[in-house]
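The block underneath contains the structure these notes are about, expressed in structure tokens.
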Amino acid sequence: MAITLNTPRAERKTVTDHAVRLDGVSKSFGRPGTGQVVLDTIDLTVAPGEFVTLLGASGCGKSTLLNLVAGLDEPSAGTIDVPGGRPALMFQEHALFPWLTAGKNIELALKLRGLPRSERRQEAERLLELVRLKGTHGKRVHELSGGMRQRVALARALAQKSRLLLMDEPFAALDAITRDVLHEELTRVWEETGLSVLFVTHNVREAVRLAQRVVLLSSRPGRVVREWDVDIPQPRRIEDAHVSALSVEITDQLRKEIRRHGQH
Amino acid sequence: MASTDRTTEPSPNAGTPDGAPRGRTRENGDLADLEAGLDALETAPRTERPSIGRLLLAKAVPPLIAVTLVLTVWQLAYMAELKPDYVLPGPLDVWATLERMWLQGTLLEYIWVSVSRGVSGFAIAVVLGTPLGLLIARFTVVRAAIGPIVTGLQSLPSIAWVPAAIIWFGLSNGTIYAVILLGAVPSIANGIVAGVDQIPPLYLRAGRTLGARGLTAIRHVMLPAALPGYIAGLKQGWAFSWRSLMAAELIVHSPALGTGLGQLMENFRTLQDMSGVLASILLILLVGIAIDLLFFSPLERRVLRGRGLLGRTA
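Chains as they are written, first to last, in this note's numbering: chain A, 1 to 264; chain H, 1001 to 1314.
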């Protein structure tokens, strides 16, 4: 691991040319030939330090794609290259272990990463501070609000010190105010750490609000339909006119994709 | 809070190509305030713990009233002479029997003989039932092979094992322990199987993404996640141990074995001493309740409360 979380962004660029690369990745469940094709020859590259959102309606295989990249499942065809090792993954539910405190959840991730015991406590405190949850180390998961839990989950994901962070609709279950704040928070953490992020969502505005690049997937089977570079400078707000304008364009395309399914 | 954050945190954006100028850090301060406000709003205010006196009033008074009612009805039935007093003795007669055994110094001995048997039988059942349950939970072949048998054994009354056990082991402690184990092991094994089956798959996936595989995954994810189900299994396992022990003690007695509560009751029956029989039943009930109240319930509450699965006042 030549790269640490604290290295400034500029120095990171040249190590590899991609944080993850998918070449012709397909995934079908059931028997070959008769089974359902969920993902169809996906080509996708996320550059180091890049923030990419994957957008699509239900059944586009977004979550399946993340599972493949996370190594929780094997593709039926094609190759996936993740040069930084096992990626971190955040789920829609916080997935924190309720038998551990917030801090101990992070320390478990540190332990599994191989960090010596003596350094874990301090590193966990540092990560909690990074997501602005100083002083919650000893709190039980159920004592935290939904937004705080997702921030602990983010800190736990960062504790893996992976260069690639996968996020599977992590804010979908939160209320709008909290979600808005966490968008800012995630943008800030991403800028501070220089992680590559592959963020899955079905919320078009969220995708545009966060990403440098939005990738639209079709449904059944999931294919890459189109990509948009988002040139709006950060900090953005979800209400910004530029964000809205691009969201309308992408939504139109998404609706066109969805309509195709009603026509046979 | 926010202002100290701004000065102590290293300013990561400064000097980076895409970092915004000063205005950004100012926004970060606002965001920190906003977040602190949201966190404060969304975190439920800590409910105050009720005082010990209030807790005692709420927990101890209702059962006391219930017991008093039962005793009153019993005493009235006795005074009305519904049945002759050698068939239905009054509460005071039973109390006198207990007092006599206490003064003779034999009461604690009877209790100790049974409790020590019950506890050591239960301990052996835990040692055998836990790995058995883990094997059933983890390996589909093992589950298919013996899962239904273990579940079925649970519904077999353990007293049904007594005649067979006597033929195998004679009138010995071996018989008593065999009956306890046949009653408690399936229950504990089933408890851990249920505990493992109820683990939300999300925890296992999260564990795998964090890099927990094999034994590490069992130790750090599966076992702690299965703990509530396991404790419920242990609790039930104790109930089965205690019941099986009483069944065995009622039938298996010889001078060499010493007198437990079951044997005590059988002795009173042969003497036609109904107060003694009722006193024995009372003792068996009280020991069962005491072990649950002093050991299993606090343990279960602690685990569930730690996970937010139990209200603070419950």
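For glycine and all other residues, C-beta sits at the position ideal for the given N, C-alpha and C.
Item: Local Cβ density within 10 Å of Pro-1089/H, reported as buried at 16 or more and exposed below that; Value: buried
Item: Check whether Ala-153/A and Leu-127/A have beta carbons under 7 Å apart; Value: no
Item: Within chain B, partners of Ser-145/A - CB distance below 7 Å; Value: In the displayed structure, chain B is absent; the protein chains listed are A and H.
Item: Contact set between the stretch 154–165 of chain A and chain H, restricted to residues whose Cβ is under 7 Å from the partner; Value: Gln-160
Item: Run of the beta strand (DSSP E) containing Ile-80/A, from where it starts to where it stops; Value: 77–81
Item: Positions along the stretch 1212–1233 of chain H whose CB lies within less than 8 Å of some CB in chain A; Value: Ala-1212, Thr-1216, His-1220, Val-1221, Pro-1224, Ala-1225 and Leu-1227
Item: Residues from the stretch 172–204 of chain A in contact with chain H, defined by Cβ distance under 8 Å; Value: Ile-177, Thr-178, Val-181, Glu-184, Glu-185, Arg-188, Glu-191 and Glu-192
Item: C-alpha distance - Ala-63/A paired with Ser-196/A, whole-angstrom precision; Value: For clarity, residue 63/A is Ser in the given sequence; the question names Ala instead. Going by the C-alpha atoms only, they are around 18 Å apart.
Item: N-terminal and C-terminal residue of the beta strand (DSSP E) that Trp-1161/H is part of; Value: Neither: Trp-1161/H is in no beta strand (DSSP E) and is coded neither H nor E.
Item: Other residues of its chain near Pro-1017/H: CB distance less than 7 Å, five sequence neighbours each side excluded; Value: Reliability fails at Pro-1017/H, whose pLDDT of 40 lies under 50, so the model's placement of it is uncertain and the value that follows must be treated cautiously. Excluding sequence neighbours, Pro-1017/H sits near nothing in its chain.
Item: Euclidean distance between Cα positions of Arg-21/A and Gly-84/A; Value: 11 Å
Item: Contact with chain A by Leu-1031/H, beta-carbon distance below 7 Å; Value: yes
Item: Listed by chain order, chain A residues near Gly-1191/H by CB distance under 8 Å; Value: Those do not exist, as Gly-1191/H stays about 17 Å from chain A at its closest Cβ, beyond 8 Å.
Item: Burial state of Asp-175/A (16 or more Cβ within 10 Å); Value: exposed
Item: Cβ distance (whole Å) where Gly-1121/H is taken to contact Ser-1158/H below 8 Å; Value: The pair is not a contact, with the Cβ atoms about 11 Å apart (cut-off 8 Å).
Item: Where the stretch 1179–1203 of chain H meets chain A: residues whose CB sits under 7 Å from a CB there; Value: Leu-1202 and Tyr-1203
Item: Helix, strand or coil at Lys-27/A according to DSSP, with G and I counted as helix; Value: strand
Item: Cutoff 7 Å: Arg-1302/H Cβ touching any chain A Cβ; Value: no
Item: Chain-order list of residues whose beta-carbon lies under 6 Å from that of Leu-66/A (same chain, five-residue window excluded); Value: Leu-166, Asp-168 and Val-200
Item: Proximity of Gly-1237/H and Ser-1297/H at Cβ, strictly below 7 Å; Value: no
Item: Alpha-carbon spacing of Phe-1268/H relative to Asp-1093/H, whole angstroms; Value: 14 Å
Item: Three-state secondary structure assigned by DSSP to Asp-229/A; Value: strand
Item: Status (buried if at least 16 other CB within 10 Å, exposed otherwise) for Glu-185/A; Value: buried
Item: Presumed contact (8 Å Cβ cut-off) between Gln-234/A and Thr-187/A, rounded CB distance; Value: 6 Å
Item: Which listed residue (Glu-129/A, Val-230/A and Leu-89/A) has its alpha carbon closest to that of Ser-244/A; Value: Val-230/A
Item: Phe-91/A: contacting residues in chain H (beta-carbon distance under 8 Å); Value: Leu-1202, Arg-1205 and Ala-1206
Item: Inside the stretch 86–146 of chain A only - beta strand (DSSP E) runs reaching at least 3 residues; Value: 88–90
Item: Cross-chain neighbours of Gly-1306/H in chain A, by beta carbon under 7 Å; Value: Trp-99 and Arg-140
Item: CB-CB length for Ala-1206/H against Ala-172/A, believed under 8 Å; Value: No, Ala-1206/H and Ala-172/A are not in contact; Cβ-Cβ is about 17 Å, not under 8 Å.
Item: is_contact[Ala-245/A, chain H] using C-beta, thresh 7 Å; Value: no
Item: Simplified DSSP assignment, three categories, for Ser-1297/H; Value: helix
Item: Any C-beta of chain H under 7 Å from that of Ala-95/A; Value: yes
Item: As assigned by DSSP and simplified to three states, the class of Gly-1133/H; Value: helix
Item: Counterpart residues of Leu-168/A in DSSP-defined beta bridges; Value: Note on residue identity: the sequence assigns Asp, not Leu, to residue 168/A. In DSSP, Asp-168/A forms a bridge with Val-200/A.
Item: Chain H within 7 Å of Met-148/A, Cβ atoms only; Value: yes
Item: Any 3 or more C-beta pairs closer than 8 Å across the stretch 1225–1235 of chain H and the stretch 1247–1266 of chain H; Value: no
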